[in-house]
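To keep things clear, I will list the structure first and then write my remarks on it.
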Amino acid sequence: MLFLYTRYEYVLGSKQIISSLKNQTHKENFNLRIITPAVKFLGIPIGGGLVKLSRLVNSDGKVIHARNYSPEIKEEVKALKKTLKIPYFKLWKGYLFVLFLAIIGFVIYGTKLYLEGREYRSERQNLTTAVQQLKTGQLYGASFFTDTKGNNMNELPYGWVKIKKIAGDTVFVQRSKKLVNNAIFNMENLKPIKPTSEADWDEHVEKMNYTLLKQAANGEDITGVDLRYIGAGHNIYPGVIMSLKGVE
């Protein structure tokens with residue numbers, strides 16, 4: 570079974586001693602080790618060195634409990650501990666690796682956000698400029714609130730809008746027949762459904778209020794330009810029916 574965390578004893582140093590245990594008179598050979606508890610994560614050292622502990626092992630490989638140490642052995646333990654230093658860097662260097670990865674991730678994520686933000690600001694500026702200089706034949710990405718019959722649409726789909734004609738205070742537009750449903754608007758997501766012929770456009774031409782459109786385009790930091798229907802069926806098209814989100 571694979572364990573992510575591994576607890577182990579890091580040996581700081583060891584020596585062979587000849588001594589007797591508590592309440593015993595005969596001497597034995599012991600291996601005295603000074604250790605510090607440590608931790609690894611996925612094989613990378615990430616902690617340890619908080620305390621120095623002794624491990625006394627006899628010739629049979631049995632670990633002797635500290636309560637059985639004689640005063641002589643305790644002195645040996647004390648003396649050996651003083652000569653050994655805890656290598657904190659070696660025990661904690663995994664955190665430096667994790668920190669390095671975190672910094673790299675932060676830089677990558679920060680760069681991604683910056684580029685996305687710059688692209689977003691550029692798209693908003695392009696939209697504002699295009700709407701302020703509205704021309705016949707322009708193609709826009711838009712979100713739709715109603716269909717061409719005035720019925721509310723579920724999930725606010727996105728699609729294409731073409732400026733068919735401009736006459737006085739009226740803008741005539743056509744919608745693409747194909748739509749997409751995405752949580753976030755993106756012009757890239759509209760490319761696969763971009764109309765390539767007149768047959769890909771809805772035959773119904775809708776009339777929009779050009780005056781309100783220009784007013785919306787003059788706003789600050791716009792995220793969309795709303796269009797209000799002013800055709801013969803205005804009574805079944807209450808309010809805004811679509812919003813321009815991007816321009817080709």
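Quick note: to get the numbering used here, add 569 to the position in the sequence shown (first position is 1). Ideal Cβ positions, reconstructed from N, Cα and C, are used throughout, including at glycine.
Of the residues the options, the one placed nearest residue i, counting alpha carbons only
i: N751; options: I586, I732, N637, N723; result: N723
i: G719; options: G808, Y577, T680, G663; result: G808
i: V749; options: G737, V742, I762; result: I762
i: E817; options: W661, G612, M756, I673; result: M756
i: P614; options: Y657, R690, G674; result: Y657
i: N778; options: D795, E767, E772; result: D795
i: R624; options: K643, G737, I672; result: K643
i: P726; options: K747, Y638, L684, T765; result: K747
i: E811; options: N721, E767, G737, S766; result: According to the sequence provided, residue 811 is Met. The question's Glu does not apply to it. It is N721 whose Cα lies nearest to the Cα of M811.
i: F754; options: G815, L622, L781, L590; result: G815
i: H634; options: L590, S628, K659, G800; result: L590
i: E775; options: G630, L622, G800, E645; result: G800
i: F714; options: R797, L619, V620; result: R797
i: L781; options: Q701, L759, Y709; result: Q701
i: N758; options: Y709, T717, A736, I735; result: Y709
For residue j and residue i, the rounded distance between their alpha carbons
i: M570; j: V676; result: At M570 the pLDDT is 43, less than 50, meaning the model places this residue with poor confidence; the figure from the coordinates comes in the next sentence. Using only the alpha carbons, I get a separation of about 35 Å.
i: K733; j: A699; result: 15 Å
i: L696; j: K783; result: 12 Å
i: K596; j: V580; result: 25 Å
i: W770; j: T705; result: 15 Å
i: N592; j: G617; result: 34 Å
i: G793; j: N787; result: 11 Å
i: G728; j: Q707; result: 14 Å
i: R690; j: K654; result: 57 Å
i: S766; j: L703; result: 22 Å
i: G612; j: G663; result: 9 Å
i: Q585; j: K681; result: 59 Å
i: T594; j: S583; result: 24 Å
i: G630; j: K647; result: 22 Å
i: D738; j: A785; result: 14 Å
i: E688; j: L622; result: 59 Å
i: E641; j: S628; result: 18 Å
i: I673; j: V667; result: 10 Å
i: G686; j: R693; result: 10 Å
i: N637; j: A671; result: 48 Å
i: S639; j: E645; result: 10 Å
Cβ-based burial, residue i [other Cβ within 10 Å; buried from 16]
i: R602; result: buried
i: R744; result: buried
i: F669; result: exposed
i: T605; result: buried
i: G679; result: exposed
i: S588; result: buried
i: L813; result: buried
i: V742; result: buried
i: Y577; result: exposed
i: L684; result: exposed
i: E772; result: exposed
i: L660; result: buried
i: L619; result: exposed
CB contact below 7 Å: residue i versus chain C
i: Q701; result: Absent here is chain C; the protein component of the structure consists of one chain.
Nearest-angstrom beta carbon gap, residue j and residue i [assumed within contact, 8 Å]
i: V608; j: T575; result: 7 Å
i: A711; j: V730; result: 4 Å
i: K626; j: F599; result: A small correction: the amino acid at residue 626 is Val; Lys does not occupy that position in the sequence shown. About 7 Å separates the two Cβ atoms, so the contact holds.
i: F610; j: L665; result: Incorrect: roughly 13 Å between the Cβ atoms, too far for contact.
**Request:** Return the chain-ordered ranges of every beta strand (DSSP E) run that is complete within the segment 685-766 and spans a minimum of 3 residues.
**Result:** Contiguous beta strand (DSSP E) elements confined to the segment 685-766 occur at 708-713, 727-736, 739-744, taking only those with 3 or more residues.
**OP:** Please specify which runs of the beta strand (DSSP E), each continuous and at least 3 residues long, are wholly inside the segment 579-610, giving them in chain order.
**Re:** DSSP runs (the beta strand (DSSP E)) wholly in the segment 579-610: 597-610.
Would you mind listing the beta strand (DSSP E) stretches within the segment 619-647 that are 3+ residues and don't spill past its ends, in chain order? Runs found: 622-627.
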